[in-house]
Amino acid sequence: SKTAYVRTKPHLNIGTMGHVDHGKTTLTAAITKVLAERGSGTFVPFDRIDRAPEEAARGITINIAHVEYETDTRHYAHVDMPGHADYVKNMVTGAAQLDGAILVVSALDGIMPQTAEHVLLARQVGVDHVVVALNKADAADEELVELVELEVRDLLTAHGYGGDTAPVVRVSGLRALEGDPKWTAAVEALLDAVDTYVPMPERYVDAPFLLPVENVLTITGRGTVVTGAVERGTVRVGDRVDVLGAGLETVVTGVETFGKPMEEAQAGDNVALLLRGVPRDAVRRGHVVAAPGSVEPRRRFTAQVYVLSAREGGRATPVSSGYRPQFYIRTADVVGDIDLGEVAVARPGETVAMTVELGREVPLEPGLGFAIREGGRTVGAGTVTAVV
Ligand code: GDP
Ligand code: MG
């Protein structure tokens, strides 16, 4: 039988973000290698992160990789995403669960459009702490590294992060992965910075249970399993739950984290829940598993939305009432109609209030972050202000 997960250290969710090719996946692999050598985790090679096993198995793009590791003081679930198009979607919709982020910036290239876009979106969805990994420091000369550091600190400050106080650690994911002692020590310094700079967030363990479904799997002989991060509350085997979106009520018959059974999952944990008698086709990414009667799915809400500028990868032209983009809310992807009221148009770079009518009901509440996407790119980021 499998070893149970024993909660010995506080658990946090972090992730790498930053421009494509700046070294997010290499650094993720290097972190697991450095910690595995200290005996606190399993080395996950680059190929396993960039190409999560589910991806091949299911023949569809599952665009998020989770790795697990421990430092001396904490247990982390770390996410890394392969490409930019899906990266933003996952970062934004899943980022409500990120307790902190490692912003990876190549010291050879400096800030690039996706660097700025990820910082902006992280701010929008409430990631309050960002640690900077100034990567490829092995290949950049000192003057350049210093210049890029200043540039990153300015970017953070411009988005409401403490650019002067945020840790900026010079690393080389590649050299650390190769076992170079200097760069191994740099990765350790980065982890120390994460341990100390990202505070333990407040967990809403006493709130009614809620888990946005990220993925659905079938385990032969056992049934349908949903995976995702617990947004709030706790869940145990035997608990009754609603599956919102599927319109079902069922019972949780198994709770696991990273393949280990656990007695009780709580807010912040990445888990797999086995659901009694639920057909595979009934549940999808975007559905929400919640304590019975605790949330009500709705279609209309008001929001405060930042329309990304063209420089940030957004639109070149304004949006107006009647515009129908996709809304990424938690893990759901839903079409929605926007109404800008008297303002009528919103230009790229502006923040506006709007009323949204979704194509289908999803659980909504004030404070919930979301992204607006169109033709494969992010054009806006917002927060629900009221449910109508
Ligand atoms: P991602 O797209 O941000 O995940 O970037 P990858 O981890 O896939 O790395 C992109 C490229 O940069 C690869 O060719 C890596 O070998 C290279 N690379 C990553 N980290 C470093 C580093 O620390 N130093 C150097 N010189 N190259 C690196
Ligand atoms: Mg990558």
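Just so you know, the sequence shown maps onto residues 2 to 389 in full-length UniProt numbering.
C-beta: ideal position from N, C-alpha, C; glycine also.
Any heavy atom of the ligand GTP closer than 7 Å to the CB of residue i?
i: Thr4; result: In the structure shown, the ligand GTP is absent; the only ligands present are the ligand GDP and the ligand MG.
Check for me: the beta strand (DSSP E) holding residue i runs from which residue to which?
i: Gln305; result: 298 to 308
i: Phe371; result: 370 to 375
i: Phe328; result: 327 to 330
i: residue 1; result: Shown here, the chain extends from 2 to 389; a query on residue 1 therefore has no answer.
i: Asp243; result: 241 to 245
i: Leu104; result: 101 to 107
i: Arg378; result: 378 to 388
i: Arg237; result: 235 to 237
Apart from the five residues on each side of it in sequence, which residues of its chain come closer than 6 Å, Cβ to Cβ, to residue i?
i: Arg281; result: Thr219, Thr225
i: Ala317; result: Ala311
i: Thr303; result: Thr356, Thr386, Ala387
i: Pro168; result: Val132, Ala194, Tyr198
i: Gly229; result: Leu212, Pro213, Val214, Glu215
i: Arg124; result: His160, Gly161
Alpha carbons only, please: which of the options is nearest the one belonging to residue i?
i: Gln98; options: Ser107, His130, Glu71; result: His130
i: Leu36; options: Tyr70, Asp51, Asp142, Asn14; result: Tyr70
i: Val256; options: Leu249, Ala247, Gly248, Arg241; result: Arg241
i: Asn216; options: Gly163, His288, Ala186; result: His288
i: Pro11; options: Gln305, Leu309, Ala268; result: Ala268
i: Val7; options: Ala266, Ala177, Ala208; result: Ala266
i: Glu297; options: Val389, Asp334, Gly101; result: Val389
Nearer than 7 Å: is that true of the beta carbon of residue i relative to any heavy atom of the ligand MG?
i: Asp240; result: no
i: Thr166; result: no
i: Asp81; result: yes
i: Lys137; result: no
i: Asp270; result: no
Could you name the residues of the same chain whose beta carbon sits closer than 7 Å to that of residue i, not counting the 5 residues immediately before and after it, in chain order?
i: Asp155; result: Gly164
i: Ile50; result: Thr26, Thr29, Ala30, Ala66, Val68, Asp81
i: Glu189; result: Val35
Can you find a heavy atom of the ligand GDP that lies under 7 Å from the Cβ of residue i?
i: Thr27; result: yes
i: Val21; result: yes
i: Thr78; result: According to the sequence provided, residue 78 is Ala. The question's Thr does not apply to it. No, the beta carbon of Ala78 sits no closer than 7 Å to any heavy atom of the ligand GDP.
i: Ser41; result: no
i: Ala186; result: no
i: Ala291; result: no
i: Leu175; result: yes
Return the first residue and the last residue of the alpha helix (DSSP H) that residue i is part of.
i: Leu36; result: 25 to 38
**Q.** Runs of beta strand (DSSP E) lying entirely within the region 265 to 292, each at least 3 residues, in chain order
**A.** 265 to 267, 271 to 276, 289 to 291
**Q.** Contiguous alpha helix (DSSP H) assignments of at least 4 residues, all confined to the region 178 to 217
**A.** 182 to 198
Q: Entirely within the region 115 to 168 and at least 3 residues each: give me those beta strand (DSSP E) ranges in chain order.
A: 131 to 136
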